[in-house]
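Peer 1:
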Amino acid sequence: MKILIMGPPGAGKGTIAEMLKENLGVVHLSSGDILRDAIKENNPLGMKAKAFMEKGVLVPDEIIIELMKEKLNTDDSILDGFPRNLAQVKKLEDANIQIDIVLNLQVNEETIISRISGRRICEKCGKIYHLKNMPSKKEGICDICGGNLYQRKDDEPQTIRERLNTYKQQTEGLVNYYNDKGILKNIDAGGNKETTYDKMAGLEWLKKKKYR
Ligand code: AMP
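Counting in our numbering, the sequence shown runs from 2 upward without gaps.
(1) Rounded to the nearest angstrom, what separates G13 and M2 at their Cα positions?
(2) According to the Cβ coordinates, are M1 and L93 closer than 8 Å?
(3) Where do the N-terminal and C-terminal ends of the alpha helix (DSSP H) with S115 fall, by residue?
(4) For the beta strand (DSSP E) that contains Q159, what are its first and last residues?
(5) Please report the straight-line C-alpha distance between P61 and K154, rounded to a whole angstrom.
(6) What are the boundary residues of the beta strand (DSSP E) that includes M7?
(7) To which residues does DSSP link C123 through a beta bridge?
(8) Under the three-state reduction of DSSP, which class applies to E73: helix, strand or coil?
(9) In chain order, what residues of the same chain lie with their CB nearer than 6 Å to the CB of T172, ignoring the 5 residues before and after it?
(10) Run through DSSP, which three-state label would N193 get?
(11) Let's test the definition: count the other Cβ atoms within 10 Å of the Cβ of Q89 and tell me whether it reaches 16, buried, or not, exposed.
(12) With a CB to CB cut of under 7 Å and the five nearest residues on each side skipped, what residues in its chain are close to R116?
(13) Any contact between the stretch 112-126 and the stretch 145-161? By contact I mean 3 or more CB pairs, one from each, below 8 Å.
(14) Rounded to the nearest angstrom, what separates D189 and T197 at their Cα positions?
(15) Between which two residues does the alpha helix (DSSP H) containing N24 stretch?
(16) Grouping DSSP H, G and I as helix and E and B as strand, with all else coil, what is V60?
Here it is as structure tokens:
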């Protein structure tokens with residue numbers, strides 16, 4: 002079973018995917034995290050991707066596909082951030098990797114900007130915080146592992162607009178694509194993470210799952 006989480010930057014894909022992962026016992030595959038890890042490890046593909054990410058545009062398909070390739074064979078997983086355009090959808094289909102359900106998180110632009118600009122991330126374990134909505138107990142320090150919290154370069158205000166444009170131009174069309182296939186569920190994700198999760202957990206498809 003493969004679940005794809007879609008939505009604009011700041012919709013809460015990573016946060017909701019982590020909650021699903023805990024509750025369903027499945028793997029969370031975040032293409033953004035995979036890229037950021039590749040950069041941290043000085044992987045040549047990561048180094049090539051860095052400048053695109055900092056600008057807020059998509060990295061070339063061949064880079065992300067190469068990095069995701071083996072990970073995509075995991076049976077039960079939540080895909081977060083991949084596929085992000087039709088060429089990537091096609092790659093998955095050519096490899097006979099089937100997406101069973103697409104959760105489309107819907108949020109208005111004002112909320113997106115406030116969420117992204119306040120987002121902070123632990124440099125060690127990747128846990129996501131928000132300066133106002135989900136602050137760490139001690140400013141700048143992760144509650145879980147004591148790592149330092151940082152702001153992603155592409156979360157800085159001048160890049161947020163570019164990422165939203167990229168989303169509209171290249172990714173949003175996939176919503177219709179999956180809707181036409183009959184596997185799309187729209188979820189209002191404008192509230193806090195618990196409210197959003199409850200909306201999803203109330204869906205029949207999730208109740209029927211027998212992971213744990
Ligand atoms: P995210 O953490 O999902 O917001 O991704 C951060 C950045 O990584 C994006 O703005 C893109 O530059 C890059 N990225 C992540 N996933 C993909 C993908 N599937 N295709 C191309 N670029 C990606």
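Note that beta-carbon positions come from the ideal geometry of N, C-alpha and C, so glycine has one too.
Peer 2: Looking at the coordinates:
(1) 21 Å
(2) Residue 1 lies beyond the residue range present for the chain, which begins at 2 and ends at 213; the question has no answer from this structure.
(3) 110-119
(4) Q159 -> not in any beta strand (DSSP E); alpha helix (DSSP H) instead, spanning 158-167.
(5) 19 Å
(6) 3-7 is the span of the beta strand (DSSP E), which, as asked, contains M7.
(7) L150
(8) Note that residue 73 is Leu in the sequence shown here, rather than Glu. Helix, per DSSP.
(9) In its chain, beyond the 5 residues on either side, R85 have a beta carbon closer than 6 Å to the beta carbon of T172.
(10) coil
(11) buried
(12) G11, H131
(13) The answer is yes - the stretch 145-161 touches the stretch 112-126, with three or more Cβ pairs under 8 Å.
(14) 7 Å
(15) 14-25
(16) coil
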